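Novice:
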Ligand code: GDP
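Numbering (my numbering), first residue to last: 1 to 440.
(1) Using a Cβ-Cβ cutoff of less than 6 angstroms, which residues in the same chain neighbour residue 215 once the five nearest sequence positions on both sides are dropped?
(2) Using the Cα positions of residue 420 and residue 315, report the straight-line distance between them to the nearest angstrom.
(3) Inspect the CB distances between the stretch 327-334 and the stretch 373-386 and report whether three or more fall short of 8 angstroms.
(4) Thinking residue 390 and residue 413 are a contact (beta carbons under 8 angstroms), I'd like their distance in whole angstroms, please.
(5) Closest to residue 118 by C-alpha separation, out of 189, 178, 57 and 75, would be which residue?
(6) Here's the rule I'm using: 16 or more other beta-carbon atoms within 10 Å means buried, otherwise exposed. How should residue 273 be labelled?
(7) Mark residue 221 as exposed unless 16 or more other C-beta atoms lie within 10 angstroms of its C-beta, in which case mark it buried.
(8) With DSSP run on the structure shown, which of helix, strand or coil describes residue 372?
(9) What residues match up with residue 215 in a beta bridge as DSSP calls it?
(10) Go through its chain and collect everything with a Cβ distance to residue 153's Cβ below 8 angstroms, but skip five positions before and after it.
(11) Do the stretch 71-79 and the stretch 186-201 make contact, defined as three or more Cβ pairs closer than 8 angstroms?
(12) Comparing alpha-carbon positions, which option in 418, 417 and 392 lies nearest residue 406?
(13) Check whether the Cβ of residue 231 sits closer than 7 angstroms to any heavy atom of ligand 1, and report yes or no.
(14) Tell me, which residues are paired with residue 131 by DSSP?
(15) Let me know the secondary structure DSSP gives residue 115 once reduced to three states.
(16) Beta carbon of residue 333, beta carbon of residue 376: below 8 angstroms?
(17) CA-CA distance, residue 132 and residue 281?
(18) Once DSSP output is grouped into helix, strand and coil, what is the label at residue 270?
(19) Looking only at its own chain, which residues have a Cβ that is under 8 angstroms from the Cβ of residue 182, when we skip the five neighbours before and after it?
(20) Taking only three categories from DSSP, how would you classify residue 390?
(21) Note down, in chain order, each residue of its chain lying with its Cβ closer than 7 angstroms to the Cβ of residue 228, except the 5 sequence neighbours on either side.
(22) Within a Cβ cutoff of 6 angstroms, which residues of the same chain sit near residue 205, ignoring the five residues on either side of it in sequence?
(23) Assuming contact is defined by CB atoms lying nearer than 8 angstroms, are residue 234 and residue 196 in contact in what I supplied?
(24) For residue 178, count neighbouring C-beta atoms within 10 Å of its own C-beta (all shown protein chains included) and say buried if the count is 16 or more, exposed if not.
(25) What three-state label does DSSP hand residue 220 in the structure shown?
(26) Pick helix, strand or coil for residue 246, following the three-state DSSP scheme.
(27) If you draw a straight line from the alpha carbon of residue 104 to that of residue 32, how long is it in whole angstroms?
(28) Compute the beta-carbon to beta-carbon distance between residue 185 and residue 246, rounded to the nearest angstrom, for a pair I have assumed lies under 8 angstroms.
(29) Give the secondary structure of residue 287 by DSSP, where H, G and I count as helix, E and B as strand, and everything else as coil.
Structure below.
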């Protein structure tokens, strides 16, 4: 999810690499790229422009904390702004009525029926509610059947009147049925069309007026990008809905809808759908979504942990070695020992922005250090300082000596190679911070 956008943003932040301070000049290029990445992700032009202007205002003149590279500081500013743009706080669903009536709206194919089921299941299993699903699509018998299939799957009753052609009546009857039978939530699934049309809007407006739902939700397919935003606007004009459900986020590689929708209709995204299964529903957390979009880890915690381990003298030595291409397995071993003090390796890698991506082919196990240390201890001093000399024969010997397999030696060599590359990549005046991160 969002791979394209986060990769592009990642590249944009790289422009700042090597700068010690954020200035008008060096931030301009980065933000231009950020804007382009947002536009490519199908974010509305005005939103993208306002967004970068705001970030720029905040960024310029900021003292770059000694521990953070300017790129990282900008990532944080962008993340905060993205979070704000997507709604800031988590928005809940209003369940105050008895029964609480939830009206679902949206185009055909948006995932309305599927989401109605997911929500019913969520409320039943997580909130201890007794929901009733209501089929109000009077045009497509298949839609009614589909809701019954969903209901059966999750063990939730479905109310339908296949012969009745009046959705207002069906909805009202369903609420009566709910009251009489102890249902405390009524989820009304309505008819959708392939595109916004007047008849459909009139119909849902009538249902809305008649049943006065506590909560009106608008369901939209996140893969439709800008169209999602336009449809949301059309529905909001008629219904003044309470929240947005973004479906098919599992297939969304652009992310534009998530970013734009809140600021266009000024309604929060409440849930997201991430698959076809009934369990594929998530509460929408703007800050987590921002982190996901940026593909970033928890920089602040990482820096904090690294600071605790930081040894300036060691860091300087290490930096020199990297610069001179002399980084070897002995240094790797020292790094591992430092990193071990900071915590679990997998967590740490996840905290470094971009590192999870750079190391995605490298398998990192929690207890991987044990083998790694054994392998390095089986190397000769020559091999440790010049890993390039380790050929097939030497690998076999090292594997035997350390009680590991040749594949494990190969894996370590690959890991080492990746790490050296990463260190070189993040070199420059700001690179010192990476050394701090690595605890060296
Ligand atoms: P409706 O016409 O709005 O009621 O839409 P449906 O609920 O029938 O969904 C349309 C299609 O999208 C179906 O094939 C669903 O299985 C699929 N779908 C719904 N939600 C999601 C989701 O979050 N992820 C994925 N991948 N597919 C979904």
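The beta-carbon is built from N, C-alpha and C at its ideal position, and this holds for glycine as well. Quick caveat, the model's predicted, so the values are computed rather than measured.
Specialist: So, from the data block:
(1) 93, 94, 102 and 242
(2) 15 angstroms
(3) yes
(4) 7 angstroms
(5) 189
(6) buried
(7) buried
(8) helix
(9) 102
(10) 117 and 278
(11) no
(12) 392
(13) no
(14) 185
(15) helix
(16) yes
(17) 18 angstroms
(18) strand
(19) 130
(20) coil
(21) 220, 221, 222, 257 and 261
(22) 238
(23) yes
(24) buried
(25) strand
(26) strand
(27) 39 angstroms
(28) Actually they do not touch by this definition, with Cβ atoms about 21 angstroms apart.
(29) helix
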